[in-house]
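In my numbering, the protein residues as written are -4 to 296.
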Amino acid sequence: MQKKFIPISLGALILITCLAAGCMGADQAGTRETIVIGGKPFNEQYILPQMIALLLEEEGYRTDIRPGMNDATLFAGIKRGQVDIYVEYTGTAYSQLLQREPLRVWDPDLVFADVQTGLAAEGISVPFRLGFRNDYAIAVKESYATENNLETISDLVPYAGTLVFGSDLVFHEREDGLPRLAEVYGLSFADVRPMSPTLMYEAIDKNQVQAIPPYTTDSRVDLYNLLVLHDDQAALPPYEAMLFIRSDRMVDDRLVTALSVLENRIDTDEMRALNAEFDNDKREARDIARDYLIREGLISP
């Protein structure tokens, strides 16, 4: 029996050829595959995934941002291949994810190296740090610091016995919080008053307390004119922002190169300023991220 001839259009011929060549799933650089980017539920963790997405989209990648996840969910997700990339912090990875013992003196480089080695066994690569730290810290009013020539936690020690410390709900009792500062510095306040973070800032503004423990990238540090005192004895663990990438994604040189521009790019003051745009100016995280990357010349306008 003679087979009936069915004409094939040029478009259909191209489609068949492309399927045979295996080119429908990705372009020549493999950039059509979707990259899943995770994020946590707070200011910079909404902004940074957008930065990562915009850098990858500039190279032709599809991205899927999944915000608002907690540490355990993100860690499980990247190990299972459900998340490809997210921003984590060295202190969290060291203490919570890898469950390492606290150090007597916290050396940020040693902590980072340990995290890199430990997570490699989990199929997670940590290629670089972003440049900023979101640490717990001790802060006082700028005016008080200027009046008493305070720059470090050691400088605060002689005055602490006359001051009230306004703790958040956990810092005063965390092993790596106020008890650690008492151990290393002999830091002891006249009184300690636990309260919610929002009330903590209002209390120092009204001089109801004279020192508080903010996160170093919290935009309220600048909003309330506070000075973060330098931890000169390295008593508190470092929380340097770093990039987590599934190890099997590291073979994609184009992806890694696109993201490498973030290495040591953002310092703590700059991240705090970007967070202020999110917290105080109520700007969308993607708009903040795009404007920053354009200013830095990292993506096209």
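Idealized CB from N, CA, C, for every residue including glycine. Quantities reported herein were computed from a predicted structural model and do not represent experimental measurements.
Going by DSSP, which residues form a beta bridge with K136?
-> Your numbering for residue 136 matches position 141 in the sequence shown. Bridge partners of K136: L221.
For L98 versus Y81, is the C-beta spacing smaller than 8 Å?
-> Translated into positions along the sequence shown, residue 98 becomes position 103. Translated into positions along the sequence shown, residue 81 becomes position 86. No, the Cβ-Cβ distance between L98 and Y81 is not below 8 Å.
Given 8 Å, three or more beta-carbon pairs between the segment 157 to 172 and the segment 233 to 252 | The segment 157 to 172 vs the segment 233 to 252: no contact.
Of the choices E258, E96, E146, Q228, whose alpha-carbon is the least far from that of G181?
-> As a position in the sequence shown, residue 181 is number 186, starting the count at 1. Answer by Cα proximity: Q228.
CB D66 to CB T87, shorter than 8 Å?
-> Indexing the sequence shown from 1 puts residue 66 at position 71. Indexing the sequence shown from 1 puts residue 87 at position 92. Yes, the Cβ-Cβ distance between D66 and T87 is below 8 Å.
D274 (DSSP reduced to helix, strand or coil) = Indexing the sequence shown from 1 puts residue 274 at position 279. Judged by DSSP in its simplified three-state form, D274 adopts helix.
Taking the alpha-carbon positions, what's the L218 to L293 distance?
-> What you label residue 218 is simply residue 223 of the sequence shown in a count that begins at 1. What you label residue 293 is simply residue 298 of the sequence shown in a count that begins at 1. Separation of L218 and L293 (C-alpha to C-alpha, rounded to the nearest whole angstrom) is 29 Å.
Grab me the residues of V204's own chain with a C-beta within less than 7 Å of its C-beta, minus the 5 sequence neighbours each way, in chain order.
-> For the purposes of this step, residue 204 is identified with residue 209 of the sequence shown, where counting begins at 1. Cβ neighbours of V204 within its own chain (closer than 7 Å, five residues either side excluded): V159, F160, G161, R188, A198.
What span of residues does the alpha helix (DSSP H) with Y287 cover, start to end?
-> As a working note, residue 287 is residue 292 in the sequence shown. Counting along the chain, Y287 sits inside the alpha helix (DSSP H) bounded by residues 280 to 290.
If you draw a straight line from the alpha carbon of E137 to that of L221, how long is it in whole angstroms?
-> Position 142 of the sequence shown, counted from the first residue, corresponds to residue 137. Position 226 of the sequence shown, counted from the first residue, corresponds to residue 221. Between the alpha carbons of E137 and L221 lies a distance of about 5 Å.
Do you know offhand how far G34's Cα is from R75's?
-> Sequence index remark: in the sequence shown, residue 34 carries index 39 (1-based). Sequence index remark: in the sequence shown, residue 75 carries index 80 (1-based). Rounded to whole angstroms, the gap between the alpha carbons of G34 and R75 is 16 Å.
Take the Cβ of Q45 as the centre, count every other Cβ of all protein chains shown within 10 Å, and call the residue buried at 16 or more, exposed below.
-> Looking up residue 45 in the sequence shown gives position 50. That one is buried.
Along the chain, where does the beta strand (DSSP E) that runs through T29 open and close?
-> Here residue 29 corresponds to residue number 34 of the sequence shown, with the count starting at 1. Where T29 is concerned, the enclosing beta strand (DSSP E) stretches over 29 to 33.
Bridge-paired residues (DSSP) for D59 = The count along the sequence shown starts at 1 and reaches residue 59 at position 64. According to DSSP, D59 bridges with V31.
Mind checking which residues open and close the alpha helix (DSSP H) that includes M46?
-> By one-based count along the sequence shown, residue 46 stands at place 51. Start and end: 38 to 53.
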